[in-house]
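Here's the structure we're looking at; comments come further down.
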Amino acid sequence: MSDDKLERTERALDFSGIQAPEELLRMKRATPARIGIGHVGARYKTAAALRFGADHAAANDAAFSEVPEDIPARLGFFSVQTLCRDKAEMITRPDLGRYFDEEQKARILSSCRYAPDVQIYCGDGLCAPSIAANIPDLYPAIRDELVFRGISVGTPFFVRYCRVNTARVIGPLLNAEVVCVLIGERPGLLTSESMSAYIAYRPHPDMQENAYTVVSNISRFGTPPVEAAAYIASLIGEILEKKKSGLSLKQNEE
Amino acid sequence: MIRRTTLLGHTYTFGSVKEILAKASERKSGDQLAGVGAESDLERAAAKIVLSDLTVGDLRENPSVPYETDFVTRIIQDDLDKDVYEAIRRQTIAELREWILAPETSSEMILRVSRGLTSEAISAVSKLMGNLDLIYAGKKMRITATCNTTIGEPGVLASRLQPNHPTDDPTGIAASLLEGLSYGVGDAVLGVNPAIDTVDSTLAVWQALNEIKDRYEIPTQTCVLSHITTQMNAVLKGGKADLCFQSLAGSQKACEAFGVTPDLLAEAKDLFLREGSAKGPNVMYFETGQGSELSSSAHYDADQVTMECRCYGLARHYQPFLVNTVVGFMGPEYVYDAKQLTRAGLEDVFNGHLHGLPMGCDVCYTNHMPTDQNDAEALAVLLADAGCHYFMGVPQGDDVMLMYQSTGFHDIAALREITGKRPIREFEDWLTRRGIWEDGRLGRNAGDPTRFFDDGRPGGTI
């Protein structure tokens, strides 16, 4: 964690009244959490309060922003859109964010390899900036590792206004054995570019929520994309082998 | 049972008790998303009038999900104290509301009657209460529970220390933990939400928490909020913790989406009573939150306050030490803005208390809600006065793992100072010895976690 965001939180560090400042700095370097920020009575110092306000504004902006039109193509993905008409509808109507109209479904069917071992696609979810921040390192590394293991990977694409449960539609539509959705997480104050991978074995419209295997906190502030890719690829390998995902996969292992 | 009323020349007729309950609910985006909320404020007012004339018996006989097909309904119905129920079944919800609010009705009287109320009846009475009613009634209820220490004594405001870390790094967790302790936070529980839900990771975080708790002899509880089966397997591998955590939902189908059954909960409680490190008898910790049933399409056209109440009906079966609603975590599709957040927080804490539960609240919001820290702070002040047992303590309110904002370490200290409340007694004594808490406020050593190193370092963690 040696980048600008860490610097920003360190700027609010406050050593007044601290017995061992070098210890506090060591502690702060072990976590991105807002510790060591001092206090005025039971309230925050001004610098810490202002820093928090600025970071909240950035996170709010990330949640309500759009993935720019040219980004998916630059990543080599074609684009489709769920039934949501805009960001506001996506935020309050998760039901619409899991379905596609007939035209979009036909586009997916005609553009994608049918019946792959694994279908991977990405979606904006609740954090548009996560796509450009993570996909360039994340997706090729997952794909290459799977191909290396002799697993067939479907045609990748981008879904605008995407919810995780698009997997319940995409899986049967493309007859994929495993579906892996790479999707933007709710932005936090330090990580307005995090994404998660939701992986399911033969997802279908009536599947349980706990049938997803989830890898969260993928970003340069949490699990870096390249490291996450190796883990996701090995999970997909295990899911294909055991023919189950989520809670039942875990119960199986323990 | 009368299901119709005429209001300003318009007659409103409702099809079922479930529909009356849903339409009498204060506006929530989740009920609108589910298509069960009132279509106008006047319809909502009409539904409240009709609801006020229903009896406790009407609510009991019309559970939101059928008894035959739902284990949550069965637990709520089977746990009912039949003598208490028989004595109050003809009372209307309007009468019940006034009886609860009446000054001569004591906490003991309310808690006795609550054993004869189903979760639907409790949901109903909360729908006839304004925000100040919920605070006024909530303030007089006294509910205690004991793990290693006792929560819920008069004049106490407790806190969960939530030192989450994006990769569960034990050093990072310990850093936030010591910082929180230095602000007097952590008397309810030292509780970590893990980023990685595995047995090994749970064991590693338990160990980090236990090392700090043991090294500094802290009178409190420890918990890692991984899935209940993960914690059980970690116990079977020889790990130790005080509290067993699980998220609950208000219908069988929604519980199954969480991988939870009554047998599993009973087995876990038994295991922690036998093999856990707590004195007990209360060893369970549950979290809930309006909207989780709808999110797994398991709400059965009931409103989210009623489904949330059914979580509490399930929770009370296991005599938990802690229950908290994570009121603003589900997102704006369920609880939209500051107005709905405030209402939901007050409803959940009151309804939990009326179930006899030691009720806390994660006063929180996500970054895709049109809310900010000011809204959370205002709700926390209201809840501190409504008898809320505990709040979360997160470094400056910013959870760097779960990506949402809650109440901060400083907020816990400020709320205690403003309301004249104190930490749990043994914990307060411990803080006082360390100069962290003096004369009802932060003391001379507050905010300096490096002073803990005067007494050595917890092995291997920091």
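Protein chains in written order, with our numbering: chain A, 50 to 303; chain B, 959 to 1420. Glycine included, every Cβ here is placed at the ideal spot set by N, Cα and C.
Cβ of residue i within 8 Å of any chain E Cβ
{"i": "glycine 1405 (chain B)", "result": "No chain E is part of this structure, whose protein chains are labelled A and B."}
Limits of the alpha helix (DSSP H) - the one that residue i falls within
{"i": "alanine 106 (chain A)", "result": "95-113"}
{"i": "phenylalanine 1385 (chain B)", "result": "1383-1391"}
{"i": "phenylalanine 197 (chain A)", "result": "178-197"}
{"i": "leucine 73 (chain A)", "result": "70-77"}
{"i": "methionine 1359 (chain B)", "result": "Unbroken run through methionine 1359 (chain B): none, as it is neither H nor E."}
{"i": "methionine 139 (chain A)", "result": "136-141"}
{"i": "glutamate 287 (chain A)", "result": "274-291"}
Contacts around residue i, its chain only, beta-carbon distance under 7 Å, and the 5 residues preceding and following it disregarded
{"i": "proline 1212 (chain B)", "result": "Looking at the sequence shown, residue 1212 (chain B) is not proline but alanine. If we look at alanine 1212 (chain B) and ignore the five residues flanking it on each side, its Cβ neighbours are Ser1250, Glu1251, Ser1254, Ala1256."}
{"i": "leucine 1194 (chain B)", "result": "none"}
{"i": "threonine 969 (chain B)", "result": "Arg962"}
{"i": "threonine 1013 (chain B)", "result": "Arg1047, Arg1048, Gln1049, Thr1050"}
{"i": "threonine 262 (chain A)", "result": "Ile248, Leu284, Ile288, Ser294, Gly295, Leu298"}
{"i": "phenylalanine 113 (chain A)", "result": "Lys136"}
Own chain, CB closer than 6 Å to residue i, minus 5 neighbours either side, in chain order
{"i": "serine 201 (chain A)", "result": "Pro165, Asp166"}
{"i": "aspartate 1259 (chain B)", "result": "Val994"}
{"i": "leucine 55 (chain A)", "result": "Since pLDDT at leucine 55 (chain A) reaches only 49, below the 50 mark, its modelled position is unreliable, and the value read off the structure follows with that caveat. So the list is empty, once near-sequence residues are dropped."}
{"i": "alanine 69 (chain A)", "result": "none"}
{"i": "alanine 61 (chain A)", "result": "Ile86, Ala96, Ala97, Arg100"}
{"i": "serine 974 (chain B)", "result": "none"}
{"i": "lysine 976 (chain B)", "result": "Ser1022, Ala1260"}
Residues bridged to residue i (per DSSP)
{"i": "cysteine 229 (chain A)", "result": "A:Ile169, A:Ile248"}
{"i": "valine 263 (chain A)", "result": "A:Tyr247"}
{"i": "valine 1352 (chain B)", "result": "B:Gly1366"}
{"i": "tryptophan 1057 (chain B)", "result": "Looking at the DSSP assignment, tryptophan 1057 (chain B) forms no beta bridge with any residue, so it has no partner."}
{"i": "aspartate 1117 (chain B)", "result": "Checking the displayed sequence, the identity of residue 1117 (chain B) turns out to be serine instead of aspartate. In DSSP, serine 1117 (chain B) forms a bridge with B:Phe1349."}
{"i": "phenylalanine 206 (chain A)", "result": "A:Phe127"}
{"i": "cysteine 1181 (chain B)", "result": "B:Gly1149"}
{"i": "histidine 968 (chain B)", "result": "B:Leu965"}
{"i": "tyrosine 1276 (chain B)", "result": "Tyrosine 1276 (chain B) pairs with nothing; no bridge assigned."}
{"i": "glutamine 1204 (chain B)", "result": "B:Phe1244"}
{"i": "threonine 1399 (chain B)", "result": "The residue asked about is misnamed: residue 1399 (chain B) is arginine in this sequence, not threonine. Its beta-bridge partners are B:Glu1396."}
Residue i burial status per 10 Å Cβ neighbour count (16 or more: buried)
{"i": "phenylalanine 1244 (chain B)", "result": "buried"}
{"i": "tyrosine 1323 (chain B)", "result": "buried"}
{"i": "glutamine 300 (chain A)", "result": "exposed"}
{"i": "phenylalanine 197 (chain A)", "result": "exposed"}
{"i": "asparagine 214 (chain A)", "result": "buried"}
{"i": "glycine 1196 (chain B)", "result": "exposed"}
{"i": "asparagine 109 (chain A)", "result": "buried"}
{"i": "glutamate 115 (chain A)", "result": "exposed"}
{"i": "leucine 1016 (chain B)", "result": "Contrary to the premise, residue 1016 (chain B) reads as aspartate rather than leucine in this sequence. By the neighbour-count rule (16 or more Cβ atoms within 10 Å), aspartate 1016 (chain B) is buried."}
{"i": "valine 89 (chain A)", "result": "exposed"}
{"i": "arginine 134 (chain A)", "result": "exposed"}
{"i": "glycine 102 (chain A)", "result": "exposed"}
{"i": "glycine 1286 (chain B)", "result": "buried"}
{"i": "glutamate 1056 (chain B)", "result": "exposed"}
{"i": "proline 1121 (chain B)", "result": "buried"}
{"i": "tyrosine 1025 (chain B)", "result": "exposed"}
{"i": "leucine 73 (chain A)", "result": "buried"}
{"i": "asparagine 1332 (chain B)", "result": "exposed"}
{"i": "isoleucine 960 (chain B)", "result": "exposed"}
{"i": "proline 1353 (chain B)", "result": "buried"}
8 Å CB neighbourhood of residue i in its chain, flanking five on each side removed
{"i": "threonine 1107 (chain B)", "result": "Asp1145, Pro1177, Thr1178, Gln1179, Ile1382, Arg1383, Glu1384, Phe1385"}
{"i": "glutamate 1396 (chain B)", "result": "Thr1390, Arg1402"}
{"i": "serine 987 (chain B)", "result": "Pro1290, Glu1291, Tyr1292, Val1293, Tyr1294, Gln1298"}
{"i": "methionine 50 (chain A)", "result": "For methionine 50 (chain A), the predicted structure reports a pLDDT of 39, less than 50, and the residue's modelled location is therefore unreliable. A value from the coordinates is still provided. Closer than 8 Å at Cβ, skipping near neighbours: Arg78, Pro81, Phe270."}
Limits of the unbroken beta strand (DSSP E) element including residue i
{"i": "glutamine 1189 (chain B)", "result": "Not the beta strand (DSSP E): glutamine 1189 (chain B) falls in the alpha helix (DSSP H), residues 1186-1194."}
{"i": "asparagine 1282 (chain B)", "result": "1280-1284"}
{"i": "valine 129 (chain A)", "result": "127-130"}
{"i": "phenylalanine 1308 (chain B)", "result": "Note, phenylalanine 1308 (chain B): premise wrong, no beta strand (DSSP E); alpha helix (DSSP H) at 1296-1312."}
{"i": "glutamate 1245 (chain B)", "result": "1242-1246"}
{"i": "serine 201 (chain A)", "result": "No beta strand (DSSP E) contains serine 201 (chain A), which DSSP labels as neither H nor E."}
{"i": "cysteine 1319 (chain B)", "result": "1317-1320"}
### Task
Tell me, please, whether the region 968-984 of chain B touches the region 1000-1007 of chain B by the rule of three or more beta-carbon pairs shorter than 8 Å.
In this structure the region 968-984 of chain B lies against the region 1000-1007 of chain B, because at least three pairs of beta carbons, one per stretch, are closer than 8 Å.
### Query
Is the region 1277-1295 of chain B touching the region 1230-1246 of chain B, taking contact as three or more C-beta pairs under 8 Å?
When C-beta atoms of the region 1277-1295 of chain B are compared with those of the region 1230-1246 of chain B, three or more pairs fall below 8 Å, so the two segments count as touching.
### Query
Counting Cβ pairs closer than 8 Å, one from the region 1363-1378 of chain B and one from the region 130-146 of chain A, do we hit at least three?
The region 1363-1378 of chain B, when compared against the region 130-146 of chain A, does not touch it at the 8 Å Cβ threshold.
### Query
Would you call the region 245-253 of chain A and the region 218-231 of chain A touching, i.e. three or more CB-CB distances under 8 Å?
Counting Cβ pairs under 8 Å, three or more are found: they touch.
#### Entry: the region 202-209 of chain A in contact with the region 145-163 of chain A per 3-pair CB rule at 8 Å
Contact between the region 202-209 of chain A and the region 145-163 of chain A is present: 3 or more CB-CB pairs across the two stretches fall below 8 Å.
### Task
Count the C-beta pairs between the region 126-139 of chain A and the region 93-103 of chain A that are closer than 8 Å, then say yes if the count reaches three, no if not.
They do not touch, by the three-pair rule.
### Task
Assess, as a yes-or-no matter, whether the region 1214-1221 of chain B is touched by the region 255-274 of chain A under the definition of 3 or more beta carbon pairs within less than 8 Å.
Yes: the two stretches touch, three or more of their Cβ pairs being nearer than 8 Å.
### Query
Between the region 1087-1104 of chain B and the region 1124-1136 of chain B, do three or more beta carbon pairs fall short of 8 Å?
Look at the beta carbons and you see the region 1087-1104 of chain B not touching the region 1124-1136 of chain B: under three pairs across the two are nearer than 8 Å.
### Query
For the 8 Å Cβ check, are there 3 or more pairs between the region 1184-1193 of chain B and the region 1082-1094 of chain B?
No contact exists between the region 1184-1193 of chain B and the region 1082-1094 of chain B.
### Message
Tell me whether the region 230-244 of chain A and the region 179-189 of chain A touch, counting them as touching only if at least three CB pairs, one residue from each stretch, are closer than 8 Å.
### Response
They touch, by the three-pair rule.
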